[in-house]
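Participant: First to last, the sequence lines map onto chains A and B.
The opening position of the first sequence corresponds to residue 2 in the working numbering, with each subsequent residue numbered one higher.
The opening position of the second sequence corresponds to residue 2 in the working numbering, with each subsequent residue numbered one higher.
C-beta: ideal position from N, C-alpha, C; glycine also.
Protein chains: 2
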Amino acid sequence: MKPENLSKNRERDIRRLHQKKNRDRENLFLAEGFHLLEEALQGIFHPVLEVFVEETALPRLEILAKRFSRLRTVPSYVLSPRQLEKISTEETPQGVVCLCEKKRGPEKGLNEASAPWLLYLEELSDPGNLGTLLRTAAWFGTSPVLLGPHCADPFNPKVVRASAGAIFHVEIREEIEPDVLRELASREGYAVVATVPKGGLPPKAIGKGGRNVILLGNESRGLSKELLGLASQRVTIPRRGRGESLNVALSAAMLLYEVFR
Amino acid sequence: MKPENLSKNRERDIRRLHQKKNRDRENLFLAEGFHLLEEALQGIFHPVLEVFVEETALPRLEILAKRFSRLRTVPSYVLSPRQLEKISTEETPQGVVCLCEKKRGPEKGLNEASAPWLLYLEELSDPGNLGTLLRTAAWFGTSPVLLGPHCADPFNPKVVRASAGAIFHVEIREEIEPDVLRELASREGYAVVATVPKGGLPPKAIGKGGRNVILLGNESRGLSKELLGLASQRVTIPRRGRGESLNVALSAAMLLYEVFR
Numbered sequence: 002m003k004p005e006n007l008s009k010n011r012e013r014d015i016r017r018l019h020q021k022k023n024r025d026r027e028n029l030f031l032a033e034g035f036h037l038l039e040e041a042l043q044g045i046f047h048p049v050l051e052v053f054v055e056e057t058a059l060p061r062l063e064i065l066a067k068r069f070s071r072l073r074t075v076p077s078y079v080l081s082p083r084q085l086e087k088i089s090t091e092e093t094p095q096g097v098v099c100l101c102e103k104k105r106g107p108e109k110g111l112n113e114a115s116a117p118w119l120l121y122l123e124e125l126s127d128p129g130n131l132g133t134l135l136r137t138a139a140w141f142g143t144s145p146v147l148l149g150p151h152c153a154d155p156f157n158p159k160v161v162r163a164s165a166g167a168i169f170h171v172e173i174r175e176e177i178e179p180d181v182l183r184e185l186a187s188r189e190g191y192a193v194v195a196t197v198p199k200g201g202l203p204p205k206a207i208g209k210g211g212r213n214v215i216l217l218g219n220e221s222r223g224l225s226k227e228l229l230g231l232a233s234q235r236v237t238i239p240r241r242g243r244g245e246s247l248n249v250a251l252s253a254a255m256l257l258y259e260v261f262r
Numbered sequence: 002m003k004p005e006n007l008s009k010n011r012e013r014d015i016r017r018l019h020q021k022k023n024r025d026r027e028n029l030f031l032a033e034g035f036h037l038l039e040e041a042l043q044g045i046f047h048p049v050l051e052v053f054v055e056e057t058a059l060p061r062l063e064i065l066a067k068r069f070s071r072l073r074t075v076p077s078y079v080l081s082p083r084q085l086e087k088i089s090t091e092e093t094p095q096g097v098v099c100l101c102e103k104k105r106g107p108e109k110g111l112n113e114a115s116a117p118w119l120l121y122l123e124e125l126s127d128p129g130n131l132g133t134l135l136r137t138a139a140w141f142g143t144s145p146v147l148l149g150p151h152c153a154d155p156f157n158p159k160v161v162r163a164s165a166g167a168i169f170h171v172e173i174r175e176e177i178e179p180d181v182l183r184e185l186a187s188r189e190g191y192a193v194v195a196t197v198p199k200g201g202l203p204p205k206a207i208g209k210g211g212r213n214v215i216l217l218g219n220e221s222r223g224l225s226k227e228l229l230g231l232a233s234q235r236v237t238i239p240r241r242g243r244g245e246s247l248n249v250a251l252s253a254a255m256l257l258y259e260v261f262r
């Protein structure tokens, strides 16, 4: 590893990736902190292309390079604290920022999905919720995660952070229209289970023999009529107390806990 | 309701409640947005003492006052957008801020705890996690929630927001030392269950007949030896995928889901 200095132009290019339109156009995104770098190096998606490190954090990078030989071939740049602050999306920069390529594993059509459990998220708008959901999906090995249109950008820095590295382990398929989902479900024999805030069956009623896709809706509006119409079953986490609602990421966690119990 | 204007001095006093030391000294805290105001009006803890509303949001306040007669006796103040911004702790103020008194319901000693399930949180430091945990506790009716020393302040605006109003429905007991917990557990016949990131039994092994207190630890360090030493059982959410860890609020949700399943 022979770290170089970062030019003003490159600094500006990196900084532009704070915006979705530039992440989309360049097919790149940022992940911050040594924990995420380590996860990226162990992950199967989204290879690390470049590493930007503050001088004081260089020794830590070198230790990591001993564990991950892959890191030794990644170009690295040494930054002043001020430079790092500029490219960082965190209030308190974590000493290292990595530039990653959005890249899925071997391309598969949805018709080759073979996972027994899928999650489909409709207009999930909060980056923290999406990241937490990906983290839970990674824990339970539920991959791919299907995103409908108008979800938060999974490569938003807040999602990447909240995923705690899961973004590098879980396959994400974006912009799956309800029509495509319906076709997939009928062709591949998935039962469609809708999560609703009240009136559904308890999650233990979900059939565990076959393939299922669990639908989760927008934080305020829940699932649309169109998606509810696809479901053969509706489930609700039973309430015992006075709480008014459950966060969507928590609901997903409880459902996944139940189906893998 | 005859809203008044807010003096500079009062504005400064309210603003000071952004800081923990002032919340502690004054025994007051802030809750923002109409959703939280409604929850506060329905809650059994922490009465609303005053309401600060932006002029454009006045009609909405008046509609709410028709539903909750209690609100009609609460002094209200009309603020300019700039004034509201000053007392608000949100990046995007929600039109209304309420001043609440930290006040538990009828005082009970810990020795009168009668809940079959208690949560004890050790040094839980992230306000979002604490708020989410309170929200889950409200959903499952697990009250009181016991906080050990050095937890995030439950009256921190981020906790209040993440609790989605649960702060007004769930009793919180702060600064419970491990010694006090041990004494409570032995006197009241609670089994102590420690949540550990690996190596524990699956949660379905938790005995559901008796009384149990579930311990959850700090986000990075987990539970201390001292608390682990109190536990007669250790549980872990079984992992199936490659995920490295689970968020503490998610773990708590899955455990509560399991014990009330």
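Tell me whether Leu122/B sits in a helix, a strand or coil according to DSSP, three-state version.
Facilitator: strand
Participant: Would a check of beta-carbon distances place Thr90/A closer than 9 Å to chain B?
Facilitator: no
Participant: What span of residues does the alpha helix (DSSP H) with Val161/A cover, start to end?
Facilitator: Pro158 to Ala163
Participant: Where does Phe53/A fall in DSSP's three states?
Facilitator: The DSSP-derived three-state label of Phe53/A is strand.
Participant: Taking Cβ positions, are Leu31/A and Ile45/A nearer each other than 9 Å?
Facilitator: no
Participant: With a Cβ-Cβ cutoff of 9 Å, do Glu123/A and Gly200/A count as a contact?
Facilitator: no
Participant: In chain D, what lies closer than 9 Å to His170/B by C-beta?
Facilitator: Chain labels in this structure do not include chain D; the protein chains are A and B.
Participant: When the cut-off is 9 Å and only beta carbons count, does Glu219/A lie next to chain B?
Facilitator: It is worth fixing the name first, because residue 219/A is Asn in this sequence and not Glu. Among the CB atoms of chain B, none fall inside 9 Å of the CB of Asn219/A.
Participant: Nearest chain A C-beta to Ala153/B closer than 9 Å, yes or no?
Facilitator: By this cut-off, Ala153/B is not an interface position.
Participant: Taking beta-carbon pairs under 8 Å, can you tell me which members of the stretch 132-158 of chain B lie near chain A?
Facilitator: Thr133, Arg136, Thr137, Ala138, Ala139, Trp140, Phe141, Gly142, Thr143 and Ser144
Participant: Going by other Cβ atoms of all chains shown within 10 Å of its Cβ, with 16 needed for buried, is Gln20/B buried or exposed?
Facilitator: Residue environment analysis places Gln20/B among the exposed positions, since fewer than 16 neighbouring C-beta atoms fall within 10 angstroms of its C-beta.
Participant: Measure from the alpha carbon of Pro39/B to the alpha carbon of each residue in Val98/B, Gly242/B and Lys104/B, then state which is nearest.
Facilitator: Looking at the sequence itself, residue 39/B is Glu, so the reference to Pro does not match. It is Val98/B whose Cα lies nearest to the Cα of Glu39/B.
Participant: CA-CA distance, Pro76/B and Leu257/B?
Facilitator: 39 Å
Participant: If Glu12/A and Ser89/A are in contact, beta carbons under 8 Å, what's the gap, nearest whole angstrom?
Facilitator: In this structure Glu12/A is not in contact with Ser89/A, their Cβ atoms being roughly 11 Å apart against a cut-off of 8 Å.
Participant: Are the CB atoms of Ala192/B and Gly223/B within a distance shorter than 9 Å?
Facilitator: no
Participant: Thinking just about the alpha-carbon of each residue, which of Ala138/B, Pro117/B and Ile207/B is nearest to the one in Ala250/B?
Facilitator: Residue Ala138/B holds the alpha-carbon nearest to the alpha-carbon of Ala250/B among Ala138/B, Pro117/B and Ile207/B.
Participant: Apply the 10 Å Cβ neighbour rule to Asp25/A and answer buried if 16 or more other Cβ atoms are within range, or exposed otherwise.
Facilitator: exposed
Participant: Run through chain B and tell me which residues come within less than 8 Å of Lys1/A, C-beta to C-beta.
Facilitator: Chain A is shown from 2 up to 262; residue 1/A falls before or after that span and cannot be answered.
Participant: For the beta strand (DSSP E) containing Ala192/B, list its first residue and its last residue.
Facilitator: Tyr191 to Thr196
Participant: Note down, in chain order, each residue of its chain lying with its Cβ closer than 8 Å to the Cβ of Ala41/A, except the 5 sequence neighbours on either side.
Facilitator: Ala32, His47, Pro48, Val49, Cys99, Cys101, Gly166 and Phe169
Participant: Which residues does DSSP pair with Glu5/B in a beta bridge?
Facilitator: Tyr78/B
Participant: So the alpha helix (DSSP H) Ile64/A belongs to, where does it begin and stop?
Facilitator: Leu59 to Arg68
Participant: Along the beta strand (DSSP E) that carries Gln234/B, what are the first and last residues, could you check?
Facilitator: Gln234 to Val236
Participant: For a cutoff of 9 Å on Cβ pairs, would you count Tyr258/B as touching chain A?
Facilitator: yes
Participant: Assuming Val54/A and Asn6/A form a contact by the criterion Cβ under 8 Å, report the distance between their Cβ atoms to the nearest whole angstrom.
Facilitator: In this structure Val54/A is not in contact with Asn6/A, their Cβ atoms being roughly 12 Å apart against a cut-off of 8 Å.
Participant: With a Cβ-Cβ cutoff of 9 Å, do Arg136/B and Ser246/A count as a contact?
Facilitator: In this structure, Ser246/A lies closer than 9 Å to Arg136/B by Cβ.
Participant: Which one of Ser115/A, Arg235/A and Glu63/A has the shortest CA to CA distance from Gly190/A?
Facilitator: Ser115/A
Participant: I think Asp127/B touches Ala153/B, with their Cβ atoms under 8 Å apart; what is that distance to the nearest whole Å?
Facilitator: 6 Å
Participant: On the three-state DSSP scale, how would you describe Ala116/B?
Facilitator: It is coil, neither helix nor strand.
Participant: Where does Ile45/B sit, in a helix, a strand or coil, going by DSSP?
Facilitator: coil
Participant: Excluding the 5 residues preceding and the 5 following Leu231/A in the sequence, name in chain order all residues of the same chain whose CB lies nearer than 6 Å to its CB.
Facilitator: Cβ-Cβ distances below 6 Å link Leu231/A to Arg183 and Val193 in the same chain, with the five nearest sequence neighbours on each side left out; the list follows chain order.
Participant: For Gly208/A, count neighbouring C-beta atoms within 10 Å of its own C-beta (all shown protein chains included) and say buried if the count is 16 or more, exposed if not.
Facilitator: exposed
Participant: Just the Cα atoms here: how many angstroms apart are Ala58/B and Leu18/A?
Facilitator: 37 Å
Participant: Gly223/A by DSSP, collapsed to three states: which one?
Facilitator: strand
Participant: So, using beta-carbon positions, are Arg235/B and Ala195/B closer together than 9 Å?
Facilitator: yes
Participant: Which first and last residues belong to the alpha helix (DSSP H) in which Arg26/A is found?
Facilitator: Per DSSP, the unbroken alpha helix (DSSP H) holding Arg26/A starts and ends at Lys21 to Glu27.
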